Amino acid sequence: MEEKRLARSLQARGPGGPWIHDNRAKLKTLALYEPNLLTVVDKSEIRSKAAQGPSPRFLIQLAEMVSAKKTKKTHESINNRLALVMKGGRYTLGYKTVLKTLRKSSAKLVIISNNCPPLRKSEIEYYAMLAKVPVHHYNGNNVDLGTACGKYFRVCCLSIIEAGDSDIIKSMA
C-alpha cells in the first residue's frame, strides 16, 4: 500500500529531481525515480556508492533495469498490435506459407520468433530481403508468439498481408 502511495505521489509530481525523500517510510529510504522506473534504495547503500563514485556495475544494473522495463512495454505493445491484426487483418502462420507470401510479394511484414531454427530464419530473411519486406525478430519463443496470435499452438513465424486496424507495419518498419 505504501509503495502504491509513493508511486502515485511520484507520478503526480513528475520528474522534478532524481532523489525524493519519503518521511513516512519506517526505514529512511530514498526513491530513485526515472521515467517508467521506481526503485527504493537504502540510504547507507547510496552514501557508500556516492563516496566511491558511480561504479560501472551499478550503472550497468540500472541500465539493465530500465531496458528490461522498456522491452516489456514494447513486448506488450507488439502483442496488442498482433491481436488487432488477428481480429481484422489478413495474415499467414507458419514457415511454408510465409515463404509463399514472400515469393508472391504479398507480405507487408514478417515476424520471426527467437527460437526459430537458424537455417529457416536465414532463408526467411533472404526471401524478405529480395521482396523488400521488413522483418521483426519477436522477443519471445514460438509458444509466446502463438499465444500473442491468440492460438493454442506454436508459431515459428508469421507474415502480415493486411494490417487491418493495426498500425503494426508503420511501427515495426
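Residues in the sequence shown are numbered from 15 upward in steps of one, following the numbering used here. Beta carbons: idealized from backbone N, C-alpha and C, even for Gly. Keep in mind the model is a prediction, meaning the values are calculated, not measured.
Per the coordinates, the alpha-carbon of K110 lies some 18 Å from the alpha-carbon of K165. With the rule of 3 Cβ pairs closer than 8 Å, the segment 167 to 182 counts as touching the segment 96 to 107. Burial state of K122 is buried, judged by a 10 Å Cβ sphere holding 16 or more other Cβ atoms.
The beta carbons of V124 and V147 sit about 6 Å from each other, so the pair counts as a contact at 8 Å. Nearest to V157 by alpha-carbon distance, out of N94, H151 and F167, is F167. Each of R95, C130 and E90 was checked against the Cα of D179, and the nearest Cα belongs to R95.
With contacts defined as CB atoms closer than 7 Å, A162 and N93 qualify as a contacting pair. In its chain, beyond the 5 residues on either side, V149 have a beta carbon closer than 6 Å to the beta carbon of E139. Only exposed fits S136, as fewer than 16 other CB atoms lie within 10 angstroms of its CB.
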